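Data block below; observations after.
Protein chains in written order, with my numbering: chain A, 25 to 457; chain B, 234 to 415.
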C-alpha cells in the first residue's frame, strides 16, 4: 500500500509464525532481490496500545489510581512493560512512570483541584521478548480532589499551642508578685502607720491625736515617773546650747492655752529661775568648752535639732521638778537608728502640740533666727514645726550650713505607743556617752 | 527400651546429613530466575561475537531446535514438553563441554563456565517443578529436532533462543506453579 515519502508498506500475515528462530526475509522485485534481512520475530514486537484506561480517585489527597487492559497476548504477559504519562491538562511537560508486568498504578504527589491527562503505552521488556513502544492510548481526563485540612496537623497545632499557653501562664504565676509590682505598683498610704485614723475618725487628725496619743503627753507625771529625760533640746536664739526642756515648754504651752491667767504668775517666777539657770549654763559652757549638758557626749557625727522661734516665751514654764532633773534634751544621733527614734520623738512632740502654739514657725526661714552652731564638727539639722507637720532640713555639718539648702523633708512618724521604748533608748544613748 | 532411642538418634542423624531427602523441594516459580539465566546467556553471546581468534568449535555439534509455534506447542502434552526440553538441555551441555577447551580467551572461558553452571541450575529448577528426570538416549543426535552448528557464536545463539523459547514456555506453564499464580 502506498504511503508518504515514496515508501511502500507491505504487510504479511503469517499463518504459522515461528518464534525463537531466525527468519529470513527476502524481497524480490521483477525477479531481482532487492531486500534481504534476517530477524527474530519475538524481538521486534509492536503491540497495540492498552485499552480500557480508567483513572479514579484513591482515598487520599493528591493521588490517582490508573488501571488498563494490556493487549491480549499469550505467554507474554510477564514480559510486558507499561509507561504511564500524566500531566496537568494545560501543561505540555508530562511525568512518566513505568510499571512492569502490572495492570495498575497509583500516581502520587499531584496538585490539588487540577485537571490531569493520563495516557498509557506498552512494550515488551527485552529479556525473552523485545520490541518497540506502542502508540499512546486515548487520553483520559480527571480532576483531582481539593485540598483538605489534615486533622492530624490541626490537632497537633492545638495541642502545641495549648502547651505553650500553659507554660506562659505558669511562668506568669510564678513571677506574679514581681509582675504585679511592675504593672500595678502599690501606692503607699499612711493607713498602716496611723491605726484608726482613716477608718474610725475619718481623717480627722486632731480627734485621732486626742483619742490615742494626746493623753500620754498631757500627763507629764507619767513621763517623769519613769525618770527619763526628755529627748528634745530646745535652743534659744541667743543660747548656744539647748537648755530648755521642751516637754515642759510644750506642756506649758498647752497649759497656757488652757489656763493662761493662772500660769502667768508662775511663769514669771519661773522665768527668773530659768534665766538664772540659763546664765549658769552659759558660764559653764564658756568655762568648759564642751557641748551643752548631756550633749557633751555628742560625737562629731551627732546632730542637734533646734526648735527655732519663740522659745523664750516658753521658757517661762518650768516646773520645779524639771529644774531638778537633767535638762531635757533632744539628741539626734547621726546614726540612723537613733534618727528614726528621734523622728518619732519629734513626731510625738509635734503631736503633743495639739493646739499648735508652734504653728507660727512653719517655714525654714532663718533670716531672723541666726543660729550659730555651738561647736564645730557637729552635724545640725533645722526643724520647722508648723503644728501639723514638722519639716527637717537635711543633716549637714557645721561648715555646710551657710551654704546648705534648707528644704522640707518628709518624715516617718511612729505610733505614739512606741514612744516609751524609744525614750528608754534615748536614755541609753545618753548613758553611752 | 533401646529401640525408640536408636530410632530417634537415627532420625536426627538423617536430618543432619540428608536434609533434602526428608523435606519437600519448594517449586521455583519465579520468572525472574529464568530471566537471569537468559540475560547471562545473552552476555555470553555478545562476548563471543567480538571474539576473533581462539574461539571456534573444533567440530560440529548437535543442538536442539529452538523453533516454537504456539499452536503446535499447545497440542503437545506435558510429558512430551518436559522430555523435549530436557533433551535439548542435555545436548547443549554436551556441546559446551566440547567448546570449553577450544576457547583460549579467559573472559570467554568465564562466560562459558557460567553458562554450563546455569544449565545445571535449570535442571535443578525443572526438578523442583516435579518434572520427571529424563536422560535422552545416546543416538539422539540423529533424531529430528536437532540442528548442527559449527561455530561458537551459533552455539551460544541457539542456547539463548532455546532458553527463551521452549524452556520458558515449559516453566511458565508448569503445573506446579499454576495453583500459585491465578
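Note that CB positions come from ideal geometry on N, CA and C, so glycine has one too. Computed from a predicted model, the values in this text were never measured in an experiment.
Item	Value
Neighbour-count burial assignment, residue 153 of chain A, 16 or more Cβ in a 10 Å radius	buried
Three-state secondary structure (DSSP) of residue 35 of chain A	coil
Residue closest to residue 309 of chain B, alpha-carbon to alpha-carbon, out of B/411, B/410, B/406	B/406
Burial state of residue 177 of chain A (16 or more Cβ within 10 Å)	exposed
Below-7 Å beta-carbon distance, residue 151 of chain A vs any chain B residue	yes
Where residue 370 of chain B falls: helix, strand or coil (DSSP)	coil
Three-state secondary structure assigned by DSSP to residue 320 of chain B	helix
Closest Cα partner of residue 344 of chain B within the set B/322, B/241, B/273, B/237	B/273
beta-carbon residue 96 of chain A near the ligand PLP non-hydrogen atom, thresh 6 Å	Within the structure as shown, the ligand PLP is missing, as the structure has no ligands at all.
For residue 236 of chain B and residue 242 of chain B, the rounded distance between their alpha carbons	10 Å
Beta carbon proximity, residue 371 of chain B to chain A, threshold 7 Å	no
C-beta contact flag for residue 297 of chain B and residue 395 of chain B at 7 Å	yes
Rounded C-alpha distance that separates residue 240 of chain A from residue 226 of chain A	Any reading at residue 240 of chain A is ruled out, since the residue's pLDDT is 44, under 50, leaving its predicted position unreliable.
As assigned by DSSP and simplified to three states, the class of residue 112 of chain A	strand
Contact residues within the region 344–374 of chain B, judged by C-beta distance below 8 Å to chain A	none
Sequence-distant residues of the same chain with beta carbon closer than 6 Å to residue 261 of chain B, five excluded per side	358, 361
With 16 other Cβ atoms within 10 Å as the buried cut-off, status of residue 148 of chain A	buried
Beta-carbon gap between residue 40 of chain A and residue 302 of chain B smaller than 7 Å	yes
Rounded C-alpha distance that separates residue 124 of chain A from residue 245 of chain B	46 Å
For residue 201 of chain A, the first and last residue of its enclosing alpha helix (DSSP H)	200–207
Residue 143 of chain A and residue 161 of chain A closer than 7 Å at C-beta	yes
Proximity below 7 Å, CB of residue 135 of chain A to CB of residue 300 of chain B	no
Which listed residue (A/84, A/63, A/71) has its alpha carbon closest to that of residue 173 of chain A	A/84
For residue 136 of chain A, three-class secondary structure by DSSP	coil
Chain A contacts made by the region 262–292 of chain B, where a contact means CB separation under 7 Å	264, 268, 271, 272
Per-residue contacts from residue 93 of chain A into chain D (C-beta, under 7 Å)	Considering every chain present, this structure includes no chain D. Its protein chains are A and B.
Residue 402 of chain B: contacting residues in chain A (beta-carbon distance under 8 Å)	99
Rounded C-alpha distance that separates residue 102 of chain A from residue 238 of chain B	52 Å
Selected residue, minimal CA-CA separation from residue 60 of chain A, among A/68, A/69, A/50, A/66	A/50
DSSP state of residue 156 of chain A mapped onto helix, strand, coil	strand
Selection from B/355, B/399, B/384, B/379 that minimises the alpha carbon distance to residue 266 of chain B	B/355
Inter-stretch contact (C-beta, 8 Å, three-pair minimum) for the region 161–170 of chain A and the region 182–190 of chain A	no
Cutoff 6 Å; reference residue 145 of chain A; Cβ partners in own chain excluding five residues on either side	73, 107, 157, 158, 160
Contact under 7 Å by Cβ, residue 129 of chain A with residue 90 of chain A	yes
Listed by chain order, chain A residues near residue 394 of chain B by CB distance under 7 Å	44, 45
Residue 258 of chain B - DSSP class collapsed to helix/strand/coil	coil
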